[in-house]
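So that you can map any letter, position 198 of the sequence shown is 197 in numbering that gives the first Met the number 0, and since no number is skipped, the others follow by simple counting. A virtual CB, placed ideally from N, CA and C, is assigned to each residue, including glycine. Please read all numbers here as calculations on a predicted model, not as lab measurements.
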Amino acid sequence: MKIIQFIKTLNNTELGKGTTHETYILIPKKAEINDIFENEKINYKFICKNNNNEINLRLRATAKRKELRILGLGNYYRENKLNPGDSILLEKIINNGENKLYISHRKEENILFFQKVKNRLEIFSPELINDYHNQTDAYNHLIKIEHVASEKKRTDSPTKTNFYEIMINNINVVDEFNDKEIGGITIFNNKLIILHPFVFEKHIIDTEVNIHE
């Protein structure tokens with residue numbers, strides 16, 4: 000039996016919460032996905048692990064941006080109420096010569112996720128800003144969140160994006176991250192934690208044991 004897993008942390012744009020409202024999974028340039036999606040011209044049927052429903056996904060390359068995307072996820076995102084920072088798992092199980100494809104996800108709760116954009120932060124969950132602004136943990140780490148600008152990300156963006164500054168004891172969190180990197184902050188057991196979530200993970204598990212149903 001062989002198991003191939005692709006795990007991706009989702010951002011605002013992939014979930015359709017950006018300016019284009021398109022829904023997809025963006026495949027990072029370093030990621031190899033062709034062992035799950037072997038042919039870009041056909042749809043692949045995935046089984047949802049949480050309810051056994053089926054969903055059709057397909058791999059497409061965009062013409063202008065030269066990005067590789069997995070499409071067909073809009074209903075799945077909405078039905079499961081996925082948010083930026085949540086992760087999605089695509090899985091291919093090869094057993095006794097038969098291939099099965101599965102989709103599942105993991106939700107993160109009460110984490111303020113953001114992405115660094117030109118030395119500022121786009122906050123993915125602005126509804127949590129008031130929960131963190133002016134909060135202090137047990138170690139006297141004071142969090143300050145300030146709106147610094149509203150600008151278009153690109154000249155062709157239809158709307159403006161709000162950008163913020165997060166300070167912890169007057170130290171700017173943005174310096175902890177590379178450009179376009181996703182990050183987050185949370186308070187766990189009354190301790191402030193700065194998170195560096197992974198963008199994607201790929202696992203291949205190959206065993207000599209086959210499962211017989």
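Check	Outcome
Three-state secondary structure assigned by DSSP to residue 98	strand
C-alpha gap between residue 102 and residue 169, whole angstroms	42 Å
For residue 86, the nearest candidate out of 3, 1 and 13 (CA to CA)	13
Reduced DSSP secondary structure (H/G/I, E/B, other) of residue 128	helix
Residues bridged to residue 289 [DSSP beta-bridge criterion]	The requested residue 289 is not part of the displayed model; the chain covers only 0 to 212.
Residue 66 versus residue 40: straight-line alpha-carbon distance, rounded	16 Å
Beta carbon of residue 43 nearer than 8 Å to that of residue 57	yes
6 Å Cβ shell around residue 172 - same chain, five flanking residues per side excluded	165
Identity of the residues DSSP links to residue 137 by a beta bridge	Answer by DSSP bridge pairing: none, since residue 137 is not bridged.
Spatial neighbours of residue 184 in its chain, beta-carbon cut-off 6 Å, leaving aside the 5 residues before and after	111 and 193
Nearest residue (CA-CA) to residue 25, options 17, 89, 68 and 34	68
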